[in-house]
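Below: one structure, written as structure tokens.
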Amino acid sequence: MKKKLFIPGPVTVSEDVLEKMSTQMIGHRTKDASNLQRSISEKMRKVMYTEEEILLSTSSGTGLMEGAIRSGTKKRAAVFSVGAFGDRWYELAEANNVPADLFQSEMGKPTTPEMVEEALATGKYDLVTITHNETSTGIMNPVKEISDVIKKYPEVLFAMDTVSSLGGVKIPFDEWGVDIGITSTQKCLGLPPGLAIASFSKKAVQRAKEVKHRGYYLDLLKLYDTIQKKDYQYPSTPSLSHMFALDYQLDKILNEEGLENRFNRHQEMADYVRAWAKEHFELFAEEKYASNALTTIKNTKGISVKELNRKLGERGYSISNGYGDLKEKTFRIAHMADTTLDEVKELLNVIEELMEEK
Ligand SMILES: *Cc1c(COP(=O)(O)O)cnc(C)c1O
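The sequence shown runs 1237 to 1594 under this note's numbering.
This is how it looks when you write it as structure tokens:
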């Protein structure tokens, strides 16, 4: 049975966007392919609020995270983590033999500007990773305040994971000095998984040039150089299907709905789910830092999340259990991409009905 997905990626994709995935192929070394990638890049700059270059990778967001920490670290990376996806940066560093230190916050709490200041003041680091929106704990970090600290250290490259929030929340990359801002297609952008997108600043280009072993497929400098030398092409064969669909979806986001409306819709859905969560359970995240793309709810009633989700499945809905150690202790409701407030209300009504059944 088809289920309406309220999980934090992949999201349910609109039929018209899905149709664009089945566009007939074009040669990846043609003018049309260049035009397609250039068009996507111009539109992504608007969504990312950046003038910098846009890199596409036929991988998921993790691919570009791997590329970023490897291509961007010459000395040592400071990895700030507020959950499973923050920890992933550290695992990527270790796996690539990139020197790194992990700075973890207590679960449900954000990365603070003070933590970042303390680490950078040591002078040990030349790359910082921050998770904008942590999909395990439902935390949206105070990145504006963090970015004010990072700006005091011009030798430090700023890499940020915006995988689960870009396209649903305003994230002004250039204003915040983001050098490599990474996202995936299958979350707030509302497409199938399989393509990752990043901004890549001139400072990041310079840094990557100083790093000798950047890998091959995920070498961000190679992606960048190919764009310059071959007029917006990709070093190998990209997922053109995703590119057709992304180009189309970005038009819908920018022109049909409009970014401000889209951000407001995410805010409204988040406000609604949070209010509901507080009425029936508790928020897992400190509310000041609660995410606008998903809500992680503390299972204070000790319900079986697995059983709830099974019953929801019979009714055509799917939510997420807690991530990793938070399984059954929390559950997660995503309110991202093209989901509407009415759909969210419908889901919550069904959850209430199912909870009363017992
Ligand atoms: C989903 C997610 C990732 C991983 O992205 P993939 O596209 O699955 O590789 C990384 N970070 C965050 C915050 C995520 O939500």
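Quick reminder that beta carbons are idealized off the backbone N, C-alpha and C, glycines included. Treat the numbers as computed from the prediction; the structure is a model and nothing was measured.
Beta carbon nearer than 7 Å to a non-hydrogen atom of ligand 1: The chain-ordered list of residues whose CB is nearer than 7 Å to some heavy atom of ligand 1 reads P1244, G1245, S1296, G1297, T1298, G1299, M1301, F1321, R1324, T1367, N1369, E1370, T1371, D1397, V1399, S1400, S1420, Q1422, K1423, P1429, A1432.
The stretch 1467-1479 in contact with the stretch 1532-1545 per 3-pair CB rule at 8 Å: Flag = no, the stretch 1467-1479 and the stretch 1532-1545 do not touch.
Can you tell me whether F1394 is helix, strand or coil according to DSSP? Your numbering for residue 1394 matches position 158 in the sequence shown. Secondary structure at F1394: strand, using DSSP grouped into helix, strand and coil.
Does the distance from the CB of G1417 to the CB of A1395 come in under 9 Å? What you label residue 1417 is simply residue 181 of the sequence shown in a count that begins at 1. What you label residue 1395 is simply residue 159 of the sequence shown in a count that begins at 1. A contact, by the Cβ cut-off of 9 Å.
Out of N1377, A1331, S1437, R1498, which one is the CA nearest neighbour of E1350? Counting from 1 along the sequence shown, the entry for residue 1350 is found at position 114. That would be N1377, whose Cα lies nearest to the Cα of E1350.
Distance between M1505 and T1576 (C-alpha atoms, nearest Å): Numbered from 1 along the sequence shown, position 340 holds the residue referred to as residue 1576. Numbered from 1 along the sequence shown, position 269 holds the residue referred to as residue 1505. Using only the alpha carbons, I get a separation of about 7 Å.
For L1519 and K1458, the rounded distance between their alpha carbons: Position 222 of the sequence shown, counted from the start, is the residue given in the question as residue 1458. Position 283 of the sequence shown, counted from the start, is the residue given in the question as residue 1519. Whole-angstrom Cα-Cα distance: 43 Å.
Any idea which residues DSSP pairs A1313 with across the strands? In the sequence shown, residue 1313 corresponds to position 77, counting from 1. Paired residues: A1336, L1363.
Is it true that the CB of L1427 sits closer than 9 Å to the CB of V1249? Looking up residue 1249 in the sequence shown gives position 13. Looking up residue 1427 in the sequence shown gives position 191. When the beta-carbon positions are compared, V1249 and L1427 come within less than 9 Å of each other.
Proximity winner among K1310, L1495, F1480, Q1485, relative to H1449 (alpha-carbon distances): Taking the sequence shown and counting its residues from 1, one reaches residue 1449 at position 213. H1449 has its Cα closest to that of K1310, out of K1310, L1495, F1480, Q1485.
Residues that K1563 bridges to, as DSSP identifies them: Residue numbering aside, residue 1563 sits at position 327 when the sequence shown is read from its first letter. Note: K1563 is bridge-paired with T1566 in the DSSP secondary-structure output.
With 16 other CB atoms within 10 Å as the buried threshold, where does V1434 fall? Here residue 1434 refers to the residue found at position 198 of the sequence shown. First, the amino acid is wrong: residue 1434 is Ala here, not Val. By the 10 Å Cβ count, A1434 comes out buried.
What do you get for P1346, buried or exposed, if any count of 16 or more other CB atoms within 10 angstroms of its CB means buried? On the sequence shown, residue 1346 is found 110 positions in, with the first residue counted as 1. Result: buried.
Any chance the stretch 1365-1380 sits against the stretch 1390-1404, with 3 or more Cβ pairs inside 8 Å? Yes, they touch.
Alpha carbons only, please: which of I1587, I1382, T1266, A1331 is nearest the one belonging to W1512? For the purposes of this step, residue 1512 is identified with residue 276 of the sequence shown, where counting begins at 1. Of the candidates I1587, I1382, T1266, A1331, the residue whose Cα lies closest to the Cα of W1512 is I1587.
Between which two residues does the beta strand (DSSP E) harbouring K1534 extend? Here residue 1534 refers to the residue found at position 298 of the sequence shown. Per DSSP, K1534 belongs to the beta strand (DSSP E) from 1530-1534.
According to DSSP, is A1444 part of a helix, a strand, or is it coil? Counted from its first residue, the sequence shown places residue 1444 at position 208. A1444 falls in the helix class under three-state DSSP.
Along the beta strand (DSSP E) that carries L1291, what are the first and last residues, could you check? The sequence position of residue 1291 within the sequence shown is 55, counting from 1. Looking at the DSSP string, the run of the beta strand (DSSP E) that includes L1291 is 1289-1293.
Residue closest to G1404, alpha-carbon to alpha-carbon, out of A1331, E1391, E1493, E1523: Walking along the sequence shown from the start, residue 1404 turns up at place 168. Distance from the Cα of G1404 is smallest, within the candidate group A1331, E1391, E1493, E1523, for E1493.
How should L1530 be labelled, buried or exposed, when 16 other C-beta atoms within 10 angstroms of its C-beta is the threshold for buried? One-based indexing of the sequence shown puts residue 1530 at position 294. With 16 or more Cβ atoms within 10 Å of its Cβ, L1530 is classed as buried.
Taking the Cβ atom as the reference point for each residue, do S1527 and T1421 lie within a distance shorter than 9 Å? Within the sequence shown, the letter at position 291 stands for residue 1527. Within the sequence shown, the letter at position 185 stands for residue 1421. No, these two residues do not count as a Cβ contact at 9 Å.
On the criterion of 16 or more Cβ atoms from any shown chain inside 10 Å, does D1483 qualify as buried, or is it exposed? The count along the sequence shown starts at 1 and reaches residue 1483 at position 247. Under the 10 Å beta carbon count, D1483 is surrounded by 16 or more other beta carbons and is classified as buried.
Option in R1312, G1308, G1297 with minimal Cα separation from F1321: Reading the sequence shown from its first residue, position 85 is the one you call residue 1321. Comparing Cα positions, the closest option is G1297.
Apart from the five residues just before and just after E1496, which ones in its own chain have a Cβ nearer than 7 Å to its Cβ? Reading the sequence shown from its first residue, position 260 is the one you call residue 1496. Within the same chain, no Cβ atom closer than 7 Å to the Cβ of E1496 is found once the five residues on either side in sequence are excluded.
Nearest candidate by alpha-carbon position, reference F1480, set S1275, V1247, I1243, G1319: Sequence index remark: in the sequence shown, residue 1480 carries index 244 (1-based). Of the listed residues, the one whose Cα sits closest to F1480 is S1275.
If I follow the unbroken beta strand (DSSP E) through F1436, where does it start and stop? Within the sequence shown, numbered from 1, the residue matching residue 1436 stands at position 200. First-last of the beta strand (DSSP E) with F1436: 1432-1436.
Have a look at K1279 and D1410 and give me their C-alpha separation to the nearest angstrom. For the purposes of this step, residue 1279 is taken as the residue at position 43 of the sequence shown. For the purposes of this step, residue 1410 is taken as the residue at position 174 of the sequence shown. The C-alpha of D1410 is placed about 15 Å away from the C-alpha of K1279.
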